[in-house]
Amino acid sequence: MADPQEVLAQRVRSALAAAFGDEFAETDPVIRPSQFADYQANAALALAKRLGRKPRDVASAIEERLDVDDVCREVEISGPGFINLTLRDDWIAAQTQAVLGDPRLGVATQQRQNIPIDYSAPNVAKEMHVGHLRTTVVGDALARILGFLGHNVIRQNHIGDWGTPFGMLIEHLLDCGEHSAEADLLKTDPNAFYQAAKAKFDASEEFATRARSRVVLIQSGDDETLRLWRELVDLSKIYFNKVYSTLDVTLTDDDLAGESTYNDMLPEICAALERQGIAEVSEGALCVFLDGYTGREGKPVPLIIRKSDGGYGYATSDLATVKYRVEELKADRILYVVGAPQNLHFRMVWDTARKAGWVPDEVETTHVQIGNVLGEDHKILRTRSGKSIRLMELLDEAVERATRVVAENRPDLDEETRARIAREVGIGAVKYADLSVSHDSEYVFDFDRMLALNGNTGPYLQYAQARIRSIFRKGGVTPEEAAAGTITVTQPAERDLALALLGFAPTVQQVGETLEPHRLCAYLFDLAQSFTTFYDQCPVLKAENAELRASRLALTAATLRTLVQGLDVLGVRAPEQM
Ligand code: ARG
């Protein structure tokens with residue numbers, strides 16, 4: 011089973027070596043999909059210059075040595091020196107058969123790497139907002155995809171569980187009572203709890219003073235204060251976990267590695283950077299000044315790692331995250347799936363850590379930048395009153411809207427089944443909307459569009475696979491039985507579908523490298539469309555003869571498995587019926 015593009019590349023490279031010498035064996039054969047054939051090899055154009063020969067002559071020299079009889083039905087030179095390559099139908103059929111016979115659908119496992127992925131990372135006693143939703147959804151998809159590719163993915167949920175706001179939060183918790191209805195808000199509407207504490211802090215000098223003294227108690231490790239802090243964190247965890255289970259993401263309590271986790275490392279981080287002469291005291295604060303980071307008027311931008319009051323901040327704990335992930339988690343590659351505005355922060359943190367020798371060159375650190383989610387007015391999504399939108403409300407509304415759609419389309423199903431489908435479709439729609447646009451671009455949050463049954467949406471793909479399942483039900487065949495059929499490719503629509511199926515493995519591989527799940531979404535959308543054309547043009551259950559029926563059922567089974575597997579690694583459910 012093979013990626014046609016890769017197979018053709020190998021063959022063309024061999025021809026290059028045979029025609030021009032071994033030093034050309036690694037030359038990029040420039041294989042591209044073509045309008046006139048399946049692919050074209052464009053190597054001749056670039057090589058002509060290097061060889062001082064006409065591109066068309068170079069192309070014929072390659073063609074003469076090209077050994078592709080088993081793969082291609084036609085090889086033809088066109089234009090200034092393109093080599094058009096048309097695959098053999100029986101080769102396509104055999105490759106598709108092999109994919110269908112492979113539980114991994116042709117996706118090879120890669121050399122296993124340790125890959126910590128930092129994602130989600132909401133803040134304790136504050137509402138998770140749509141920005142956190144997007145890093146949660148994209149991060150989880152990347153975790154699933156890299157896991158599927160064979161890597162040891164280590165999920166790191168860097169929740170905001172430390173810092174000065176905890177002074178006021180603890181005092182507010184004490185005022186309300188730990189078992190009060192207000193405290194319960196932390197589990198359902200943490201933003202309300204936070205806002206109430208903040209309002210008191212702003213209005214009452216007495217409260218503000220208490221809050222500040224409480225900060226000192228937190229930092230000195232006072233037992234009772236730390237117990238209350240833990241209580242706040244525990245109540246927030248209940249809230250996070252509710253969102254995670256509603257969203258169907260893979261994060262659990264075991265993945266929590268919040269800011270506080272690194273407290274013990276911070277003094278030594280600062281001391282080490284000072285010893286190495288990387289950090290210096292400026293206006294009372296310990297700062298790192300790096301080359302290349304200047305602000306307005308060429309003023310150097312500092313990375314502050316210890317404030318003048320002696321407290322540590324966000325940058326210091328992130329120096330600890332990267333050090334810990336390299337040294338303790340033995341990371342080969344580290345991903346931070348975090349909002350795009352934090353890019354400068356991460357670049358400065360990593361440059362500092364590399365300068366200190368904590369991150370070897372071969373360990374790649376990547377900021378998977380997450381773009382903003384916008385409202386209809388193209389500003390950051392907010393409620394009418396200007397407050398940030400509550401994530402749980404948004405998810406509830408998605409499910410509610412999906413409930414209406416399912417009730418309309420499937421009045422025949424019982425209520426429980428309908429409710430389950432509505433949950434899968436509503437949540438799937440929201441997640442897919444986050445995944446299907448490139449992660450660093452902004453997009454407008456639009457329920458109507460994300461829930462639409464046509465276009466590149468979650469519900470469209472969910473429906474596509476549910477419809478295929480209904481074909482099997484109608485035909486009285488299981489997909490497993492159908493997968494035993496022998497695939498032959500005769501009609502153009504069969505050929506296109508088979509070729510599309512061969513694209514799954516290379517696409518997943520590519521997403522693992524580029525960290526761009528939207529490429530998998532685009533692939534699945536294309537595949538679903540190829541299937542629709544196939545199903546329109548090639549009768550499956552009513553095929554002319556038994557062999558044709560078996561072949562088409564096998565192609566149908568391969569499509570179903572690919573769609574389901576693709577949705578699964580994206581973290582989108584595939585309902586049995588819709
Ligand atoms: N809690 C932060 C926020 O809400 C995100 C943390 C991201 N991860 C990190 N290692 N800094 O913006």
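The sequence shown maps to residues 11 to 588 in this note's numbering.
Glycine included, C-beta positions come from ideal geometry on N, C-alpha and C.
Since the model is a prediction, treat every value here as computed from it, not as a measurement.
CA nearest to the CA of Thr572, picked from Asn133, Tyr545, Arg114 and Lys136:
Arg114
Next on the checklist: Check for me: the beta strand (DSSP E) holding Ile399 runs from which residue to which?
Outcome noted: Taken as a continuous stretch (DSSP letters only), Ile399 belongs to no beta strand (DSSP E), as it is neither H nor E.
Do the stretch 226-240 and the stretch 171-190 meet, that is, are 3 or more Cβ pairs less than 8 Å apart? yes
- Query: Between which two residues does the alpha helix (DSSP H) carrying Ala103 extend?
  - Reply: Asp99 to Leu110
For a test of your reading of the model: does the CB of His142 fall under 8 Å from any non-hydrogen atom of the ligand ARG? Yes or no. yes
Is it true that the CB of Asn382 sits closer than 9 Å to the CB of Gly141? yes
Q) Assuming Val348 and Ala131 make a contact with CB atoms under 8 Å, what is their CB distance in whole Å? A) 7 Å
message: With distance defined between alpha-carbon atoms, name the residue in Ser327, Thr260 and Asp244 nearest to Gly173.
response: Ser327
* Asked: Among Ser246, Ala330, Glu290 and Gln501, which one has its Cα closest to the Cα of Ala553?
  -> Gln501
Quick one: Cα of Leu423 to Cα of Arg411, how far? 17 Å
Can you list, in chain order, the residues of its chain whose CB lies under 7 Å from that of Leu445, leaving out five sequence neighbours each side?
Val147, Val148, Ala151, Pro527, His528, Cys531 and Leu580
- [ ] Report all residues from its chain with a CB closer than 6 Å to the CB of Leu345; omit the five preceding and five following residues, and keep chain order.
- [x] Ile127, Thr376 and Val378
> I think Asp77 touches Arg23, with their Cβ atoms under 8 Å apart; what is that distance to the nearest whole Å?
Replying inline: 12 Å between Cβ atoms; not a contact.
Give the DSSP bridge partners of Arg505, in chain order. Looking at the DSSP assignment, Arg505 forms no beta bridge with any residue, so it has no partner.
Indicate the three-state DSSP secondary structure (helix, strand or coil) for Asn124 in the structure shown. strand
Review point. In whole angstroms, what is the alpha-carbon distance linking Gln107 and Ala510?
Key: 13 Å
Three or more C-beta pairs below 8 Å linking the stretch 95-103 and the stretch 68-86: yes
Under 8 Å from any heavy atom of the ligand ARG, does the C-beta of Gln286 make it? no
According to DSSP, is Asp422 part of a helix, a strand, or is it coil? coil
- Sorted by chain position, which residues of the same chain lie with C-beta nearer than 8 Å to Thr595's C-beta, five sequence neighbours on each side aside? Since the displayed the chain opens at 11 and closes at 588, residue 595 lies outside it and no answer follows.
Kindly give me the distance between the Cβ atoms of Glu188 and Glu241, rounded to whole angstroms, as I take these residues to be in contact under 8 Å. 6 Å
Worksheet item: Does DSSP classify Val336 as helix, strand or coil?
Response: helix
field: Same chain only: Cβ atoms within 7 Å of Arg224, ignoring 5 sequence neighbours per side
entry: Gly177, Ile180, Glu181 and Thr235
(message) Is it the case that the stretch 330-341 contacts the stretch 284-299, given that we only count it when at least three CB pairs across the two stretches are under 8 Å?
(response) no
Practice item. Would you kindly report the start and end of the unbroken alpha helix (DSSP H) that includes Glu293? Key: Careful: Glu293 lies outside any alpha helix (DSSP H) and carries neither H nor E.
**Asked** Just how far apart, CA to CA, sit Asp319 and Ala295?
**Response** 8 Å
Check your understanding: Secondary structure at Gly149, three-state DSSP: helix, strand or coil?
Key -> helix
- Task: Check whether the Cβ atoms of Asp13 and Gly576 sit closer than 9 Å, and answer yes or no.
- Result: no
### Message
Considering only heavy atoms of the ligand ARG, does any lie closer than 8 Å to the CB of Asn466?
### Response
no
Report task. Go to Tyr49, then tell me how far its beta strand (DSSP E) extends in each direction, as first and last residue. Result -> Tyr49 to Ala51
Quick one, which of Ile169, Asp265, Ala47 and Thr37 has its alpha-carbon nearest Arg591's?
With the chain covering 11 to 588 only, the question about residue 591 has no answer from this structure.
### Query
Among residues of its own chain, excluding the 5 on either side of Gln120, which ones have a beta-carbon nearer than 6 Å to its beta-carbon?
Leu159 and Gly160
Mind listing, in chain order, the continuous beta strand (DSSP E) runs of no fewer than 3 residues lying wholly within the stretch 326-384? 343-349 and 374-380
Same chain, Cβ closer than 8 Å to Val487, five either side skipped, listed in chain order:
Leu563
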